[in-house]
Amino acid sequence: MRQEHAEQLAASIVDFCRFLRTHGLPAGMRQTMTALEAAKTIDVQNRHLFASTLQTTLCSTMEEWEQFPPLFQTFWAESQPRPRSASGEYKGPARGESPEQKEGASLFLDGPGNQTGSAQGNTKAVYGASAQERLKKVDFSHLPCEDLALLEEISLRLLRRMSQRLSRRLTISHRTTRIDLRRSIRRNLTRGGEPFVLAYKGKKPRKNKLVILLDISGSMNFYSLFLVRFAYALQARFQRVHTFLFSTHVVEVSDLLRTRYLPEALRKLSQRAAGWSGGTRIGESLRQFNQAYGRKLLSRDTIFIILSDGWDTGEPELLAAQLRKTNARVQKVLWLNPLLGLKGYEPLTRGMAAALPYVDVFAPAHNLESLLALERHL
Amino acid sequence: MMSPVKPEDDAVRDPDALMRNFERLGYIADRSLATSIFLITKLRKPLLIEGHAGLGKTEVAKVLASMLGTELIRLQCYEGLDTSSSVYEWNYQKQLLAIKIQEGVAQTVEEKERYIFSREFLLERPLLKSILAQEASPVLLIDEIDRADEAFEAFLLELLSDFQISIPEMGTIQARHIPYVILTSNRTRELSDALKRRCLYHWIDYPTFEKEMRIVRTRLPDIEEELSKQSVRFVQAVRKLDLEKPPGVAETLDCVQAVALLGKHRLSADVIEETMGCLAKSMEDGARVRAAGIDQLLSQATG
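If you read the sequences in order, they're chains W and A.
1 is the number of the first residue of the first sequence in the working numbering; add one for each residue after it.
379 is the number of the first residue of the second sequence in the working numbering; add one for each residue after it.
Below is the structure:
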C-alpha cells in the first residue's frame, strides 16, 4: 500500500514537471530527479512544506520562483481534477507579417545607389590614392553611384586591416613581467633550486565578445549597407561576433555573415529580413533581444554595439529600461549614430535622449573614416 | 563517533525544528527558507540564494554553521578571482628557503621534490580548506558568485559535482566530509544554466511587515516597540519608491539603531533627515526620497 502510494506520488511529480515545462519553466531531468529525492525526505501531507520543497528544487531564477505558486495551485488543487494532458498553450513571439512594405527585402542588394541619383553631379569619380582619401570622408548617404563599388572595395580592405591591427595590439600590450614563482621553482629544481631561469606570466589576452545590433529601418537605408560590412570585417578580429538586424523585430544573422563570400551572404540577408515593415521600434526590438538572447550572449566581456539613428516610434521609456538592463550585463555599450556626422546634429529625438544615459560611447558612423576611428573603443 | 548524540540530527529533524533553531540563533526564517536549508542537509546539494542586498543571504550560512556547530568557510568572489586565491597556492618563499637548506643533504632530486611539494608548503585557500576538513562537514559559503567570471564558475561546477581537487604535484584530494554549500548572488549577471541546474534555489524577497517586525524585535530587543513599528513602516514605504538601491533589512536595523542612538523615541521629519544616510545610499536616492515627501511617507508610517 505504502509502496503504491509512493509510486503514485512520484508519477504525479513527474507529471507536474511536465506541466511546468509547458508553462515555460525548464524543470529538466536533473531537477526532476532532485525533486523526487527531496520529496522522500519530507512529510508530503504538509501541503505548504511540499510546495516549498518543489519550489526550491524546480526553480532556478527569480522569475521562475515567482511564477511557481500559481502553477502549483493549479496543478495540485484538491477539488479540481489534475490536468492530464499537458496542453501547450505557449505561443511563440508573433511574427509581424505586414506585407504592405517590402523595404527590407531589397535593402542590401540595391544599397544606397538607388536613392542617390540626385547627388550624382556633386562629386566626380577620381581613382587612385586621392580617391581613397576622399572616399574615406564621404558621407555614405551622399555617395555617387559610380563610386559605390570602389568604396565597397576600399572599405573592406581598410576595415580588415583595422581588425588585424586590433588583434596584434592585444598580444603585445599584454606582455607583462610578473615572475611565475610556481614555474620558476619547478624549472630550477634540477639545478638545486638556484633560480637560473625565471618563468614569467602575463595576463591571458582577453578576447572580447562582440554583439552588434544593426538598424535596417527605412531611415537607415543609406548606411546599412556599409555598416553590415563593418560587422563582417570585425569578425576577423573577434572570434565571437553575434550580429542581429532589427527594425520592428530582431533577427540573428551571424550565421550568414560567417562566410568568405560576402555578396552571397548579403543576398541571403535580404531574404531573411524580407517582409518587414519599415518603422523602427528600438525599445521593443531590444526587449525581444534581451529576452531571447540576453542571457546567453551578454556577459562582462561583451562589447555591445547598436548601429542606429535613434528614430524610434516606440516608447522611449521602454528603450531606456531595456538599454539599462543590457548595460548592466556588458562591459561597454557603443551607440554608433550616422546622424552624428551631420553638422549641428543634437541627439534630441526622444528615443536617443532616453537612451544616452546608458550608452558608454556615442560615436558617429556616417563615413568610412568614422568607422575606422572606432578602433580605439574596441 | 565520540559523542552519543549527534547534535545536527536533532537540529534538522524537520523544517520546523530547523526554523525554531534558526530563530533561537537570532535569524527569522520563514518556512519556505527553512525547507530549502533543510534540503541542503538531506540531499547534500548546494543552495543558491538570490535576492536584493541586505536581506540576510550571507547570514544564512553563518547561522547554519553555528547551528550545526561546524566551521564556516567563506569565499568572497570578485572579478578576476583565480585558483591561486580560491583553491591553493604554494608557499614559494618557504620553498626557496627549504631548497637552500637542503643543499648539503644527500638526497635524490625526486626526494627533494617530494619534500618541497608536500602539505607543509601548501597554502590552503577556502575551497581546498572545505575539502580537507577533518572532523565534520563544514559550511562553505561562496559569496556573491555573480561577481566572479565565467571561467571560475565553470571550475566551481566541477568542484561541486565531484568534491575533489587535483593538485598536479600531489595528486587528487577527495573530500572526507562533503561540505554544506551555500552560494549567494545579487543578480548582477545571470549565472550559467549548468550551475543553476545543479543547485537548489531560493529567492529572498523583502519581508512582510510582520516578519520585519519580528526581525527587528529579535535583533534589537531594547528598542521601544512603537519606534520600531514606525521605522519599519517608513522603510517599507521607502521601498515602494523607485530607488536605485532600495533599503534592505540591514538598513532598517541601521536606521532604528541610529534613531535610538540620537536619543529619539519617535520618528519625525528632522530625525529622518539626519539619518537619511542609513536608508538612501546615494545622492540620487536621497533626492528621490525627499522628492516623494518625507512628511507624506511619515504620515503613512505613523498614521
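For each residue, glycine too, the CB sits at the ideal point set by N, CA and C.
Query                                                                                                                                                                                         : Result
I'd like to know whether the C-beta atoms of A/Ala395 and A/Val517 end up nearer to each other than 8 Å.                                                                                      : no
Which one of A/Leu645, A/Leu475, A/Lys659 has the shortest CA to CA distance from A/Leu605?                                                                                                   : A/Leu645
Would you say A/Ser414 lies against chain W (beta-carbon separation less than 8 Å)?                                                                                                           : yes
Measuring CA to CA, which of W/Thr313, W/Phe246, W/Arg258 is closest to W/Asn290?                                                                                                             : W/Phe246
Cutting at 6 Å between CB atoms, please list the residues of its own chain near A/Cys455, excluding the five before and the five after it.                                                    : Glu522, Ile523, Arg525, Ala526
Considering only the beta carbon of each residue, do W/Ile388 and W/Ile216 sit closer than 8 Å?                                                                                               : Given that chain W is displayed from residue 1 to residue 378, the structure contains no residue 388 of chain W and the question cannot be resolved.
Check each candidate in A/Leu621, A/Glu652, A/Met591 and name the one with the smallest Cα separation from A/Ser609.                                                                          : A/Met591
Could you work out which residue in A/Met654, A/Leu537, A/Pro624 is closest to A/Leu573 when comparing CA atoms only?                                                                         : A/Leu537
W/Val241 to W/Asp301, Cα distance in whole Å?                                                                                                                                                 : 12 Å
Shortest alpha-carbon distance to W/Phe75 belongs to which of W/Arg21, W/Ala292, W/Ala231, W/Ser299?                                                                                          : W/Arg21
When you compare the CB positions of A/Leu598 and A/Leu639, do they come within less than 8 Å of one another, or not?                                                                         : no
From A/Ile427 to W/Glu37, what distance separates their C-alpha atoms?                                                                                                                        : 20 Å
A/Ala389 and A/Leu450: beta carbons closer than 8 Å?                                                                                                                                          : no
First and last residue of the alpha helix (DSSP H) that includes A/Ile418?                                                                                                                    : 409-421
Which one or two residues does DSSP pair with W/Ile303 in a beta bridge?                                                                                                                      : W/Leu210, W/Lys332
Is W/Trp311 helix, strand or coil when you go by DSSP?                                                                                                                                        : coil
Short of 8 Å in beta carbon distance, which residues of its chain neighbour W/Ile13, apart from the five on each side in sequence? Order them along the chain.                                : Thr32, Ala35, Leu36, Ala39, Leu54
In chain order, which continuous runs of the alpha helix (DSSP H) of length 4 or greater are located wholly inside the region 336-377 of chain W?                                             : 350-355, 368-372
Return the chain-ordered list of same chain residues with a C-beta closer than 8 Å to the C-beta of W/Gln8, the five sequence neighbours on each side being excluded.                         : none
Please classify W/Leu210 as buried or exposed, where buried requires at least 16 neighbouring CB atoms within 10 angstroms.                                                                   : buried
Kindly indicate if chain W contains any beta-carbon less than 8 Å away from that of A/Leu578.                                                                                                 : yes
Identify, in the order they occur along the chain, each residue of the same chain with its Cβ nearer than 6 Å to the Cβ of W/Asn122, setting aside the five sequence neighbours on each side. : With a pLDDT of only 39 at W/Asn122, under the threshold of 50, the placement of this residue in the model should not be trusted; the figure read from the coordinates follows. Nothing meets the Cβ criterion.
Closer than 8 Å is the cut-off here; do at least three beta carbon pairs connect the region 363-371 of chain W with the region 319-326 of chain W?                                            : no
I need the boundaries of the alpha helix (DSSP H) containing A/Thr461, first residue and last residue.                                                                                        : 461-464
So A/Ile477 contacts chain W; which residues on that side make the cut at Cβ distance below 9 Å?                                                                                              : Ile185, Asn188, Leu189, Gly192, Gly193, Glu194
Which complete alpha helix (DSSP H) runs does the region 450-518 of chain A hold, if anything under 4 residues is left out?                                                                   : 461-464, 470-480, 487-494, 504-510
Is it right to say A/Lys478 is buried, meaning 16 or more other beta carbons lie within 10 angstroms of its own, or is it exposed?                                                            : exposed
Find the residues of chain C that neighbour A/Lys574, judging by a C-beta separation of less than 8 Å, and give them in chain order.                                                          : Absent from the structure is chain C; the protein chains it does hold are W and A.
Give a yes or no on whether 8 Å exceeds the smallest Cβ distance from W/Gly28 to chain A.                                                                                                     : yes
Following the continuous beta strand (DSSP E) through W/Gln235, name the residue where it begins and the one where it ends.                                                                   : No beta strand (DSSP E) holds W/Gln235; DSSP gives it neither H nor E.
Within the 8 Å Cβ cut-off, does W/Asp312 reach chain A?                                                                                                                                       : no
DSSP state of W/Phe244, grouped into three classes?                                                                                                                                           : strand
Between A/Met490 and A/Gln480, is the Cβ-Cβ spacing less than 8 Å?                                                                                                                            : Looking at the sequence provided, one finds Lys at residue 490 of chain A rather than Met. Yes, these two residues count as a Cβ contact at 8 Å.
Determine the closest residue to A/Tyr470 out of A/Ser496, A/Gly458, A/Ile582, A/Asp460, with distance taken between C-alpha atoms.                                                           : A/Ser496
Round the Cβ separation of A/Ile543 and A/Ile551 to the nearest angstrom and send it over; I've been treating them as touching at under 8 Å.                                                  : 5 Å
Taking 8 Å as the CB-CB cut-off, is A/Gln552 touching chain W?                                                                                                                                : no
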